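Below is one structure, written out as structure tokens; comments come after it.
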Ligand SMILES: N[C@@H](CCC(=O)N[C@@H](CS)C(=O)NCC(=O)O)C(=O)O
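In this note's numbering, the protein residues as written are 1 to 213.
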């Protein structure tokens with residue numbers, strides 16, 4: 001019997017972690033993929049074979065037939081461009097590409113440091129020095145964007161930007177690092193209806209059971 005072909009896409013994943021965002025994106029893309037499960041507790045992310053593909057020792061990492069991509073937003077951006085049939089990125093030349101890229105970058109460069117400020121209750125950095133300005137400005141910016149999202153950040157069109165920003169909001173509210181503003185709740189509830197997100201959540205529940213043994 002011929003052996004079943006290995007999927008071209010492989011996700012180095014840990015649950016629960018930021019790599020769930022990449023898994024949601026893979027579910028939206030709809031191509032077969034393989035999951036390589038790492039135990040952060042056992043330090044799999046610091047083993048030499050993993051550091052060879054991700055010197056940061058962080059999940060996620062995507063391997064697309066030998067193309068290695070790390071960093072959640074970069075993985076989502078890469079997948080949307082590499083698999084355009086899924087329609088998750090406005091093409092180059094489309095005006096929507098501007099806000100699309102802005103939101104992909106906004107999550108790691110502004111939301112993440114603002115949430116770490118909150119988590120550590122650390123004194124704010126001088127506003128002009130901190131690229132994310134300050135926590136309240138980040139919240140106000142997100143509040144305005146989610147109030148205008150109709151129903152998505154780019155309007156009718158769902159995109160990888162919703163995967164990234166939606167995940168930051170879901171995760172941030174869950175860990176009480178972002179306030180449960182009605183705009184955040186309404187936007188994330190709309191996203192929760194997506195079958196791809198529901199598949200990612202149930203995959204992660206199964207992986208968590210597998211890790212518990
Ligand atoms: N900037 C990275 C952050 C990834 C990250 O911090 N991942 C955490 C899990 S949520 C991790 O791998 N932690 C393990 C460790 O630092 O040892 C990204 O966006 O992908």
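No residue lacks a Cβ here, since even glycine has one placed at the ideal position from N, Cα and C. Fair warning: this is a prediction, and the values are worked out from it, not measured in the lab.
So which of the options has the shortest CA-CA distance to residue i?
i, options, result
"residue 86", "6, 30 and 181", "30"
"residue 196", "24, 13, 33 and 16", "24"
"residue 215", "209, 140, 108 and 211", "Outside the shown range of the chain (1 to 213) lies residue 215, about which nothing can therefore be said."
"residue 21", "105, 56, 201 and 187", "201"
"residue 71", "210, 17, 42 and 33", "17"
"residue 212", "165, 41, 32 and 119", "41"
"residue 35", "49, 8 and 54", "8"
"residue 83", "32, 206, 207 and 194", "32"
"residue 65", "55, 6, 142 and 126", "6"
Less than 8 Å separating the beta-carbons of residue i and residue j?
i, j, result
"residue 51", "residue 44", "no"
"residue 169", "residue 177", "no"
"residue 132", "residue 161", "no"
"residue 59", "residue 12", "yes"
"residue 88", "residue 75", "no"
"residue 117", "residue 106", "no"
"residue 124", "residue 73", "no"
"residue 193", "residue 15", "no"
According to DSSP, which residues form a beta bridge with residue i?
i, result
"residue 35", "11"
"residue 155", "152"
Quick one: what's got a C-beta closer than 6 Å to residue i's C-beta in the same chain, skipping five residues either side?
i, result
"residue 199", "27"
"residue 46", "57"
"residue 151", "190"
Just to confirm my understanding: we take residue i, look at its own chain, exclude 5 residues before and 5 after, and list those with CB closer than 7 Å. What are they?
i, result
"residue 291", "An answer regarding residue 291 cannot be provided, because it is not within the stretch 1 to 213 covered by the chain."
Might you give, ordered along the chain, the residues of its own chain that have their beta carbon closer than 8 Å to the beta carbon of residue i, omitting 5 neighbours on each side?
i, result
"residue 90", "96, 97, 100, 154, 157 and 159"
"residue 225", "Look at the range of the chain in this structure, 1 to 213, and you will see that residue 225 is not part of it."
"residue 188", "166, 169, 170 and 173"
At 4 residues or longer, what runs of the alpha helix (DSSP H) sit wholly inside the stretch 60 to 129? Within the stretch 60 to 129, the alpha helix (DSSP H) runs of at least 4 residues that lie entirely inside it are, in chain order, 72 to 82, 97 to 106 and 112 to 120.
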